[in-house]
Amino acid sequence: MRVDIRGFIKPLIESLIAIVIGILLGAIILAFSGYNPIKAYIALFDGALGSKYGWAMTLSATTPMILTALTFGLGARTGLFNIGAEGTVYFGAIAALILTNIWGNILMGLLGGIIAGIAWMGIPAFLKVFRGVNEVVSTIMLNWMAYFLALYIVLQKIPNPDDPNKTIAVPLSARFPIIIRGTELSWAFAISVIAAVLAYYVLWHTTLGYELRVSGYNERAARYAGINPKKAIIWSFLIGGITSGLAGAVEVMGRPPSYAISQGMANIYGYGFDGIGVSLVGRNHPLGIIFSGIFFGMLKAGATAMQIEAGVPLEMVRMVQGIIVVTVAIPGILDLLKRVVRK
Amino acid sequence: MEEAPLIKMEGIVKIYPDGTKALKGVDLSVRKGEIHGLLGENGAGKTTLMKILSGMLRPTEGKIFVNGKEVRFKSPADALANGIGMVHQHFTLVDVFDGLHNIILGMEGHGLFSKIDVEKAMEKLQKLMDDLNFQVPLDVPVETLPVGVQQRIEILKTLYRDVDVLILDEPTAVLTPIEVKELFDVLKKLKAQDKTIIFISHKLKEVMEITDRVTVLRKGEVIGTVNTNETSPKELAKMMVGREVVLRIEKPPKEAENPVLQVQDLWVKGDRDQDAVKGLTFEVKAGEIFGIAGVEGNGQTELIEAISGLRKIEKGKVILNGKDITGRPPKELYDLGVAHIPEDRIHMGLVSEMSVAENSILGLHWRETFRGPIGMLRWNKAKEHATKIVKNFEVLVPSIEAPVKSLSGGNQQKLIVARETSKQPEFIIASQPTRGVDVASTEYIRNYLINLRNENKAVLLVSADLDEILQLSDRMAIIYEGKFVGIVKPEEVTEEEIGLMMGGIKHES
């Protein structure tokens, strides 16, 4: 598998610049808010990377974000703006919970995530292909429907009789083994990395991936080439559904201590949206997504340390994330800078 | 005594960010009140030079003088302030606005609450139109107007900004012969009002007819400036191409055989739901090139898209080798031996962000050769294929991994022709196969189409380039407003007759 290195360098540098700008802007705002930015960042990075424990926490936070990022990235490569990962995660988690409680093994849990993902993501796919509904509109609305529907199921259908704060848990036999004892890092991380590599493989080494990318770049050329863009759209949604359904599944099957959905779905909420940022920073490239996923995981894992040691609230970390995403998402800013520099 | 020039450009060099050297030290001087032709082939640098003069591009090196004073334009607004305005080849009109609002667009005042003084604008425009002795409806959406009228609105838009120097980029490219004549009348009136006009063209006849002086550009350099009444089309052609303009095309006589494509009473709608193709019937035989000539926008695009499975057929039949293929999808047609060189290579024929290798299998990628187990794509086979067709067709590429957007237009087009031929088709649709392509590639592609014909393939050629049609076709049809005005043999008609037919006037013989 040969990879064209030159094609990677420019986006890599641009993403790195965006990260640096995000960190610097974050520092300025931290300073204005009365915190010591240097101390805060040291706490952040030390907490996330300074120890084996930190690394483990980083990678475990990364796990679901890689999968949801793949949903968005695959969509973007097919010319779609699919932001429906968020809602799909909930159903992936619920399906995994239910199936593992019936059959009690990992495979059935993963299968549950996959089926739920396909089913839920099939809705915007169907609406787009047969009714011409813009996927941005449909996926935003479906995210809200998913939220309340999932909340209903969580509260009413699968509550834990012994603990009102969460749902029934994944049985021991269907939990991913922990890689490093005493941390939250389980072999679920491997699922994420394998999914990303597979997504790369599908996109660049199969005829299906070729058709997806052609449709994404240029729909007219696709039609001309005998490719059915509708088919490409359906595939993109369905594969995206699989990855974000898996995100929900691995989150409940591989994340100690609860192995369940907590009240208000706090432990599975937000990964779909994080995934958009991860994908953008990773340039919608499955392999790039692995690395940007780890960076975002680092921010998440380090945030706790930053809060404890520098007294900076968690919201500040999310702000830094936001700045980075905005910086990357506006390539125009770079062009603008280039022009200003030349003047 | 030489008259002092109104505009003087000195040593203009333009290097594009991708390293293309579009202009290599060009000098140009234009006198007040003259119509100055700027002649050259596609890619000679005419448009680039004029974009610099109109402030849209900044030169890498060189100086510009207006009335002897050096100027530096940062934007088209600066050029307009110096009385220089340009009418672009591709109109810059807002389709759904009416003429008036298109014209005053950007001049309506920039305050939040400033009002548009429509009456004053109308008054000024009416005076402009009276002076030029033409009328255009200014109160209907421009998209409903014919191209010739839209062009006048563009011209009015520029004149409304009080320019003295009007630059026209290939203004006749989209006009019928009659519209061209009307445009020339307008230009002559402008000249009588002491306006200066720079007329960009690659059409010798027009340059001979309308200009006072001509500057010829070739590959980013000035070959010379001559007085029009002291030169001849032949001399200009030689300056333009750098050799005798005769393309080396050899077409041995050949008897056409059985029909390969039969089109019967075909009706197709255009993008605006209007009838674009109105009951066409024709056939293309094995071993012939059937040409369709006509001004662009008379249904050619819709016809080709319908035949190649990309557009819905409302009524009628398309038959390939006796098999009804009406409304079949492109993939099925390719499997039946159809190849299609589309008119729009950037938006249809190629995926410009993708590599040469990836583009070389576009529309062939499902074939057995390129498929591995479980839907895998065999890149080594694709690369072999790309290397082979690039070599066979002498396509100049930096590498087969390079994105096709890094290729020149001519090489992009050759790549498409190479790919389509590699499908080993029985029937080839070639739509504008040499548009925007350099002379050498043009010659190559034209000879190639003739080769296909000699090998007993059926070729359907659609081109806005009349010379191309005349040179290649065994039989040709002239299309006007979705109907054939006539089907003739190229050697049996004069160019004038065809010109008339392209304008919708029936051939009498």
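Protein chains in written order, with the numbering used here: chain A, 2 to 344; chain B, 614 to 1122.
Even glycine gets a Cβ: it sits at the ideal position worked out from N, Cα and C.
All values derive from a computational prediction rather than experimental measurement.
Check	Outcome
Those residues which DSSP pairs with Val-679(B) across a bridge	Ile-620(B), Lys-682(B)
Assigned secondary structure, Arg-831(B) (DSSP; H/G/I helix, E/B strand, else coil)	strand
CA-to-CA distance, Met-320(A) to Gln-308(A), given in whole angstroms	14 Å
Arg-1088(B), DSSP secondary structure in three states	strand
Proximal residues of chain B, C-beta to C-beta of Ala-349(A) below 8 Å	A query on residue 349(A) cannot be resolved here, the shown segment of chain A reaching from 2 to 344 and no further.
Under the three-state DSSP convention, the category Tyr-211(A) falls into	helix
Proximal residues of chain A, C-beta to C-beta of Tyr-629(B) below 7 Å	Within chain A, no residue comes near Tyr-629(B); the closest Cβ sits about 14 Å away, beyond 7 Å.
Buried or exposed by the 16-neighbour rule on C-beta atoms within 10 Å, applied to Pro-162(A)	exposed
Leu-1009(B) burial status per 10 Å Cβ neighbour count (16 or more: buried)	exposed
The stretch 920-931 of chain B touching the stretch 872-892 of chain B, judged by at least three CB pairs closer than 8 Å	yes
Cβ contact check for the stretch 44-63 of chain A and the stretch 629-643 of chain B: 3 or more pairs under 8 Å	no
Contact list for Met-967(B) against chain A, beta-carbon separation under 8 Å	Arg-214, Val-215, Tyr-218
Leu-143(A): first and last residue of the uninterrupted beta strand (DSSP E) it sits in	Run containing Leu-143(A): none in the beta strand (DSSP E); it sits in the alpha helix (DSSP H), 136-153.
Leu-26(A) vs Ala-41(A) beta-carbon contact at 7 Å	no
Min CB distance His-978(B) to chain A below 7 Å	yes
Helix, strand or coil at Met-2(A) according to DSSP, with G and I counted as helix	With a pLDDT of 38 at Met-2(A), under the threshold of 50, the predicted position of this residue should be treated as unreliable, though the coordinate-derived value follows. Three-state result, Met-2(A): coil.
Assigned secondary structure, Leu-706(B) (DSSP; H/G/I helix, E/B strand, else coil)	coil
Own chain residues within Cβ distance below 7 Å of Ser-263(A), not counting five before or after	Asn-166, Lys-167
Terminal residues of the alpha helix (DSSP H) in which Gln-877(B) lies	Here Gln-877(B) belongs to no alpha helix (DSSP H); instead the beta strand (DSSP E) covers 872-882.
Cutoff 8 Å; reference Leu-741(B); Cβ partners in own chain excluding five residues on either side	Leu-769, Leu-772, Tyr-773
CB contact check: Met-669(B) to chain A, cutoff 7 Å	no
CB contact check: Lys-994(B) to chain A, cutoff 7 Å	no
DSSP-derived helix/strand/coil call for Ile-1013(B)	coil
One or two residues paired with Gly-650(B) in a DSSP bridge	Phe-812(B), Val-827(B)
Straight-line gap, Met-109(A) to Asn-135(A) (C-alpha atoms, nearest Å)	33 Å
Meets three-Cβ-pair contact criterion under 8 Å: the stretch 690-707 of chain B and the stretch 752-767 of chain B	yes
C-alpha gap between Asp-807(B) and Leu-779(B), whole angstroms	11 Å
Residues of the stretch 252-267 of chain A whose Cβ lies closer than 7 Å to any Cβ of chain B, in chain order	none
Below-7 Å beta-carbon distance, Pro-618(B) vs any chain A residue	no
Test: Met-1089(B) CB closer than 7 Å to a CB of chain A	no
Trp-145(A) classed as buried or exposed, judged by whether at least 16 other C-beta atoms fall within 10 angstroms	exposed
CA-to-CA distance, Gly-217(A) to Met-967(B), given in whole angstroms	11 Å
Cross-strand partners of Met-699(B) (DSSP beta bridge)	Ile-780(B)
Collapsed DSSP secondary structure at Val-643(B) in the structure displayed	strand
Beta carbon of Ala-995(B) nearer than 7 Å to that of Ala-1031(B)	no
Span separating the alpha-carbon of Thr-305(A) from that of Ser-193(A)	23 Å
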